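What follows is a single structure, written as structure tokens, with notes after it.
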Amino acid sequence: MDFMLTVSGVVILSIAYTADKYGCHLLSRIGAYCSLMLIFSSLFFE
């Protein structure tokens, strides 16, 4: 379960990086916050 949360966090982070590269800065910022919350929740709630 926590492995899937980490994988989805990394996927969202890569999508946010791609959106930042194409100029959608608000979308990339929201995606980065969501992915960081997913990764940290998978680390702390095992």
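According to our numbering, the sequence shown holds residues 308 to 353 in order.
Positions of the beta carbon are idealized from the N, C-alpha and C atoms, including for glycine.
Predicted model, so just to flag it, every value in this text is computed and none were measured.
Rounded straight-line distance, which links the Cα of G316 to that of C341: 7 Å
Where S335 falls, given that 16 or more other Cβ within 10 Å makes a residue buried: buried
Cβ-based neighbour list, A339, same chain, cut-off 6 Å, excluding 5 preceding and 5 following: Once the five neighbours on either side are set aside, the close Cβ partners of A339 are A323.
Range covered by the alpha helix (DSSP H) that runs through F310: F310 -> alpha helix (DSSP H) spans 309-328.
Beta-carbon proximity of L312 to S348, cut-off 8 Å: yes
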